[in-house]
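Enquirer:
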Amino acid sequence: MATKFDGLDNEPIITETPEVTTDVTVEPTEVTEQPDQPRTPTDPNKITVKVSDTKAPIILLFGAPSSGKTMTLVRLARYLRAKKGYSVSVDQRFVTTKDVWEYAENSAKFNQMLGTTTALSGTGRNDFLFVRVCDSKGKLICQILEGAGEDYFPSKGTDRAQNPFPSYMTGIFNGNNKKVWIFLTEPNWDVNQADREEYVQRIAYCKGQFFNLKKDKSIILYNKVDKTPFVTGAGQVHVQNAMNECNNEYDGLFRIFEYTGVNPFHDKYICKFVPFSTGVYGRATQGELGHYDISHDAYPAKLWETIIDCIRG
Ligand SMILES: Nc1nc2c(ncn2[C@@H]2O[C@H](COP(=O)(O)OP(=O)(O)OP(=O)(O)O)[C@@H](O)[C@H]2O)c(=O)[nH]1
Ligand SMILES: [Mg+2]
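Counted the way this note's numbering counts, the sequence shown spans residues 5 to 317.
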């Protein structure tokens with residue numbers, strides 16, 4: 005599995021004036037209520053957002069609850085920090101509504117989240133974060149949205165394929181930045197067939213509504229591949245077999261991305277496929293979250309390489 009990025013650091017990806025960010029840019033959060041009192045959630049429809057950098061591509065981790073979006077961000081960020089010297093930090097200007105305490109709280113916990121040694125509890129409504137990835141010289145390479153699975157694909161309800169997205173998502177979907185849509189899938193997803201089909205329809209709907217076919221790119225991420233027999237060695241996966249299985253489990257998913265142009269040499273699909281694992285998880289016991297050990301570097305290395313291909317392509 006490719007892990008080489010020789011020369012990548014020297015090649016311009018974004019031609020904008022570099023903006024220097026430090027790894028931790030967290031303002032202290034003002035606590036106005038007792039910490040043990042439940043706080044009133046901010047009305048999601050009243051939260052407005054603004055992407056201040058309209059050029060740097062945006063990576064969207066799109067997936068159902070518990071598919072692994074947060075842990076994918078954790079794994080990728082750890083790799084980028086440790087192996088490439090990049091900074092990964094929360095964009096403090098993203099939320100333009102005042103007093104969205106959830107964003108302030110999540111920002112304050114961000115570094116702790118990236119260093120986690122246990123599985124994390126799920127991302128709730130309003131628990132989104134917009135994250136900036138800068139190279140070692142401070143150049144902004146991309147921005148990543150960390151959103152809630154319930155907002156991408158609610159676990160219950162009718163007409164879920166066409167359920168409206170909250171404004172923190174549509175604010176990004178409708179923006180001009182190039183987007184790399186990462187659609188998470190997982191082996192033996194513990195739902196019924198109708199849910200699986202509706203998730204595929206949700207992706208088709210999203211592509212129809214929000215894709216800019218001229219510049220956006222997509223990746224189908226087959227997360228939790230460690231649970232399959234397609235892992236053949238440390239950080240090595242039989243990609244074709246994993247892709248066949250993903251295609252069987254998510255019937256119609258790849259058809260959404262079939263190439264319909266006339267170039268006979270074009271790949272069959274306009275999406276890329278990446279098998280992935282964030283790590284291994286111990287069993288949770290009562291009151292304690294399961295232990296988390298990070299996956300082999302080959303996984304985030306391959307994902308990052310694919311993201312960069314999408315950004316450039
Ligand atoms: N075996 C295995 N389990 C994983 C992997 N990634 C995530 N998990 C499991 O899935 C759980 C959910 O992962 P999260 O990253 O929190 O999922 P999420 O998509 O952010 O979920 P929401 O925030 O609820 O939308 C983890 O606590 C792990 O138990 C993986 O690569 N392999
Ligand atoms: Mg999450």
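Glycine included, each C-beta is placed from N, C-alpha and C at the ideal position.
No experiment lies behind these values; they were computed from the predicted model shown.
Would you mind giving the Cβ-Cβ distance between Tyr263 and Ala246, rounded to the nearest angstrom? I have them listed as a contact below 8 Å.
Expert: The Cβ separation is near 21 Å, so there is no contact.
Enquirer: Less than 9 Å between the C-beta atoms of Ile63 and Cys138, yes or no?
Expert: In this structure, Cys138 does not lie closer than 9 Å to Ile63 by Cβ.
Enquirer: Would you list the one or two residues that DSSP bridges to Glu150?
Expert: Bridge partners of Glu150: Leu133.
Enquirer: Assign Glu202 to buried or exposed, taking buried as 16 or more other Cβ atoms, counted over all protein chains shown, within 10 Å of its Cβ.
Expert: Buried, since its Cβ has 16 or more Cβ neighbours within 10 Å.
Enquirer: Buried or exposed for Lys228, going by 16 or more other Cβ atoms inside 10 Å?
Expert: So Lys228 counts as buried.
Enquirer: In terms of DSSP beta bridges, what is Ile356 paired with?
Expert: The structure shown does not extend to residue 356, since the chain is modelled only from 5 to 317, so the question has no answer here.
Enquirer: Measuring straight from C-alpha to C-alpha, what distance separates Met5 and Pro233?
Expert: Legend: pLDDT at Met5 = 41, less than 50; position of this residue unreliable, value from coordinates given subsequently. Taking the straight line joining both Cα atoms gives about 17 Å.
Enquirer: Closer than 6 Å from C-beta to any heavy atom of ligand 2: which residues, in chain order?
Expert: This criterion selects Lys73, Thr74, Gly126 and Thr127.
Enquirer: Once DSSP output is grouped into helix, strand and coil, what is the label at Glu292?
Expert: In the structure shown, Glu292 sits in a strand (DSSP, three-state: E or B).
Enquirer: Strictly under 9 Å for the Cβ-Cβ distance: is Asn110 near chain B by that measure?
Expert: Structure shown: chain B not included; a single protein chain is present.
Enquirer: How is the alpha helix (DSSP H) around Phe169 delimited, first residue to last?
Expert: Run containing Phe169: none; DSSP gives neither H nor E here.
Enquirer: May I ask you to report which of helix, strand or coil DSSP gives Leu77?
Expert: If DSSP states are grouped into helix, strand and coil, Leu77 belongs with the helices.
Enquirer: Around the Cβ of Lys73, are there at least 16 other Cβ atoms within 10 angstroms (buried) or fewer (exposed)?
Expert: Counting Cβ neighbours within 10 Å, Lys73 comes out buried, since at least 16 surround it.
Enquirer: For Gly212, which three-state DSSP category applies?
Expert: Residue state, collapsed to three classes: helix.
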